[in-house]
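Q:
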Amino acid sequence: MRLILNVLWFVFGSGFLLAIGYGIAALLCFALVITIPFGVAAMRLAAYSLWPFGRTVVSKPEAGVATGAANIVWVVVAGWWLALAHIVAGVAQCVSIIGIPFGIANFKLVPVAFWPLGRDIVDLD
């Protein structure tokens, strides 16, 4: 079932388009040399946005104050527009009954897009 949902997400659920958005954010972060760690996080989120079903996000307990400060920089550089893209896509997908699972998956990605550092993406298995 996860495979079917992931394939449908990739094609119809905006997975490909959102991954491109994360890729653009990563390129922007790589160009601004000081934000290279954010580029790595954006690439990790791009992979997650391509194939979200069967994986979840968990908080890292060892994340501290530096992670929070880095997340503030992330919000300014790329987080707000990526989170907004997930909200818009989620609302658009929830208009139809068939799109509701994809809309929920988009809403699940909003906090991760807005505040990604200090979190890990893990398999549900």
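Taking my numbering, the leading residue of the sequence shown gets 13, the next gets one more, and so forth.
Just so it is clear, CB atoms sit at the ideal spot from N, CA and C, and this is done for glycine as well.
1) Do you know offhand how far V100's Cα is from I116's?
2) Alpha carbon to alpha carbon, how far is F65 from G35?
3) List in chain order: all unbroken alpha helix (DSSP H) runs of 4+ residues lying wholly within the segment 69-108.
4) With a 10 Å radius around its C-beta and 16 neighbouring C-beta atoms as the bar for buried, classify V70 as buried or exposed.
5) Which of the three DSSP states, helix, strand or coil, is assigned to I110?
6) Can you tell me whether S108 is buried or exposed, with buried defined as 16 or more other CB within 10 angstroms of its CB?
7) Who does V45 pair with in a DSSP beta bridge?
8) Here's the rule I'm using: 16 or more other beta-carbon atoms within 10 Å means buried, otherwise exposed. How should V134 be labelled?
9) By Cβ distance, which residues of its chain are closer than 6 Å to L17, with the 5 residues on each side in sequence left out?
10) In whole angstroms, what separates the C-alpha of R67 from that of Y60?
A: Looking at the coordinates:
1) As a position in the sequence shown, residue 100 is number 88, starting the count at 1. As a position in the sequence shown, residue 116 is number 104, starting the count at 1. Rounded to the nearest angstrom, the two C-alpha atoms are 12 Å apart.
2) Against the sequence shown, residue 65 aligns to sequence position 53. Against the sequence shown, residue 35 aligns to sequence position 23. Approximately 20 Å between the Cα atoms of the pair.
3) 77-86 and 92-105
4) Position 58 of the sequence shown holds residue 70. Per the 10 Å Cβ criterion, exposed.
5) One-based indexing of the sequence shown puts residue 110 at position 98. I110 falls in the coil class under three-state DSSP.
6) On the sequence shown, position 96 is the one that residue 108 refers to. Its Cβ having fewer than 16 others within 10 Å, S108 is exposed.
7) As a position in the sequence shown, residue 45 is number 33, starting the count at 1. Checking the DSSP bridge columns, you'll see V45 has no partner listed.
8) Taking the first residue of the sequence shown as position 1, residue 134 is located at position 122. Label assigned to V134: exposed.
9) Position 5 of the sequence shown holds residue 17. Answer for L17: F65, listed in chain order.
10) Position 55 of the sequence shown, counted from the start, is the residue given in the question as residue 67. Position 48 of the sequence shown, counted from the start, is the residue given in the question as residue 60. C-alpha separation (whole angstroms): 8 Å.
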